[in-house]
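If you're matching them up, the sequences are chains A and B in order. Count the first sequence with the numbering used here and you get residues 1 to 252, in order. Count the second sequence with the numbering used here and you get residues 1001 to 1252, in order. To start, the structure itself, in structure tokens.
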Amino acid sequence: MKKPSLVKQIIFYIAIVVIWQLVAMSSVWPNNLFPSPYEVAEDLVYTASDGSLFFGIGTSLLRLLIGLTIAIVGGMLLGILMARIETVNQTIGSLVLGLQSIPSVAWVPLAILWFGLTDGGIIFVTAVSSMFAITISTYAGVKTINPHYIEAARNMGAKGTQLATYVLIPAAFPHLISGFKQGWAFAWRGVIGAELLFSFLGLGFLLNVGRQLNDISQVFAIMLVIMMIGIVIDGIIFKRIENKVMSRWGLR
Amino acid sequence: MTKLEAKNIVKYFKHDSHRLKALGGVNLQIEDGEFVCLVGPSGCGKSTFLRIVAGLETPDEGEIFFDGKPVTSTGPERIIVFQEGALFPWLKVQDNVEFGLKMAGIPKEERAQISKRYLDMMQLTKFADSYTYQLSTGMKQRVAIARALVMDPDVLLMDEPFAALDAQTRDLLLVEMQLIWEKTKKTILFVTHNVTEATVLGTKVAVFSNRPSTIKKVINIDYKRPRLVDDQNLFPLQQEILSELRPEVKKN
């Protein structure tokens, strides 16, 4: 990120907070529906000081991590098989497209019936809501590999899992990264959505508690946290990996 | 001793809906240790012929014999070097060179010993830890040649490996290629559209006709080495090859 854009961003966010404060003070909306930034900050400090915020963040992130790992492993495996074996593509491929179109919260009733109100159920929703996006981008990534890479590797004796681990996956990596990015976004929606409905720990649960207690500051605070985590993971972690991959693979 | 024999190789290209006969029965016999250059008008299928020898494509008719046995698939005794090298951008130069050895399950220390020899031979030692995007086109081709030689193949198949190089780099590599051939005693099959290149490198030059291609003429070159591109004594041979080629190019 370039310096001038950072300055612009800081000014932008300060402006938002100022406008937000002004709107809250103007009492266009009653205070129990629209809290001031100060009240939200206060709530954040409070939930942070009793540890419940960090416990919530930790729980959600752990579920995300486990669910996303399952999705990445499963999604990549399925994507590679689809790209390399035409029959798999013609059969499972169409099913994957269908499954991908199911919104993540639509998996929740199934997950509750299968797993009960457990971590397992939430992880299931997380995994299944991100897996098929990863499958599709893996498929596209492997399909667009320079065929000479694969031919050279086969010529030098690589086949089967060797070919997949040493050539197909690294060669498709620039594609895979954007798939992981998309997958993570779906997974994050999945975790929060599932936690809301399961009402069993995590940030989604805290959000729901805020609603039940009519505590608008908490609702705002938790939403802010969810967004900030999104910015950090997307804008910092993925951006770094992406930049590195792009230059290493000679794409920039 | 005959190393490679092509018997009546026929290959069709799929061109939209109709089939185009690219190779119309290619016959060629190559003795152990020969340096054979294949020249022909562009699109005549000389590269396809090389790919068939490599086992990356199957002929529609005819057979390739390697040491008297029919070729059915690709194998490390026939290593191909592609025009753009097809180096793996996710690997360092040394790891690229060691790729085939790794696939063969050779332990790390042994791999390093073997690759060192070829990195030295191709004057790449300084670049062992570089990534391919940091190399010039000429350097990349050196890596590609080292990667092929490391496999210690009986036959080296080169598909216009110098076509994308600038003149100076190419002239240098043409001399080096002769030294490598003399040092390693490999059988080399070298596809080129450049007649000068063919006469400088080859012990034999096989001229392909236009589609459906057959080998129109084989010219033997028995002349001292290292040959240079501006050697006047090679001019008559070049003229002879060009006079064979010219009518074929016109048919195109």
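Glycine residues also receive a C-beta, built at the ideal position from the N, C-alpha and C atoms.
- Within the same chain, Cβ atoms closer than 8 Å to the Cβ of A/L224 are found at V40 and L44, the five residues on either side in sequence being excluded.
- Per DSSP, the continuous alpha helix (DSSP H) segment holding B/K1183 begins and ends at A1167 to T1184.
- Taking CB atoms only, B/G1040 has no neighbour in chain A less than 8 Å away.
- Between B/T1199 and B/I1030, the gap from beta carbon to beta carbon reaches 8 Å or more.
- Within the DSSP bridge table, the entry for B/V1218 names B/A1206 as partners.
- A distance of 8 Å or more separates the beta carbons of A/F186 and A/E195.
- Runs of the beta strand (DSSP E) spanning 3 or more residues and lying entirely within the region 1043 to 1090 of chain B occur at 1061 to 1066 and 1078 to 1081, in chain order.
- Neighbours of A/E151 in chain B, taken as residues at a C-beta separation under 9 Å, are given in chain order as R1051, A1054, L1056, T1074, I1080, F1082 and A1086.
- B/T1048 and A/I241 have their C-alpha atoms spaced approximately 39 Å apart.
- The criterion of a C-beta distance shorter than 8 Å is satisfied by B/V1081 and B/L1156.
- Residues of the region 154 to 179 of chain A with a Cβ closer than 8 Å to any Cβ of chain B, in chain order: R154, N155, M156, G157, A158, Q162, Y166, V167, P170, A171 and F173.
- Between the beta-carbon of A/I70 and that of A/V96 there is about 16 Å, and that puts the pair past the 8 Å contact cut.
- Straight-line measurement puts the Cα of A/S247 at about 50 Å from the Cα of A/W29.
- Beta-bridge pairing by DSSP links B/A1144 to no other residue.
- C-alpha of B/E1057 to C-alpha of B/P1070: approximately 14 Å in a straight line.
- In the structure shown, the three-state DSSP call for B/E1160 is coil.
- Chain order gives no chain B residues near A/G141, where near means a beta carbon separation below 8 Å; the closest approach is about 13 Å.
- A residue is called buried when at least 16 other Cβ atoms come within 10 angstroms of its Cβ; A/W249 meets this threshold and is buried.
- Of all alpha-carbon atoms in B/G1043, B/M1001 and B/G1138, the one lying nearest the alpha-carbon of B/H1193 is that of B/G1043.
- With 16 or more neighbouring CB atoms inside 10 Å of its own CB, B/D1159 falls in the buried class.
- In this structure, the CA atom of A/S217 is about 8 Å from the CA atom of A/G210.
- Interface criterion met: the Cβ of A/R248 is under 8 Å from a Cβ in chain B.
- Using a 10 angstroms sphere on the CB of A/Q212, the tally of other CB atoms stays under 16, which defines it as exposed.
- Within chain B, the residues whose beta carbon sits less than 8 Å from that of A/N146 are A1086, listed in sequence order.
- Contact between the region 87 to 101 of chain A and the region 156 to 163 of chain A is absent: fewer than 3 CB-CB pairs across the two stretches fall below 8 Å.
- Linking B/R1227 to B/K1204 through their CA atoms gives a straight-line distance of about 14 Å.
- Just so you know, the alpha carbons of B/L1124 and A/F238 end up roughly 34 Å apart.
- Scanning its chain for C-beta atoms nearer than 8 Å, with the 5 sequence neighbours on each side dropped, one finds around A/T118 the residues F200, in chain order.
- At a Cβ-Cβ threshold of 8 Å, B/V1039 and B/F1208 count as neighbours.
- From the beta-carbon of B/F1099, the residues of chain A found nearer than 7 Å are M156.
- Burial check for A/T126: the Cβ neighbour count within 10 Å reaches 16 or more, so the residue is buried.
- In this structure B/F1035 is buried. Its beta-carbon is surrounded by 16 or more other beta-carbon atoms within 10 angstroms.
- In terms of Cβ geometry, A/G193 and A/V105 form a close pair [threshold 8 Å].
- Counting the other CB atoms within 10 Å of its CB gives B/M1177 a total of 16 or more, which places it among the buried residues.
- Proximity to B/A1148 across B/L1087, B/Q1134 and B/S1130 peaks at B/L1087, based on C-alpha coordinates.
- Judged by DSSP in its simplified three-state form, B/S1213 adopts strand.
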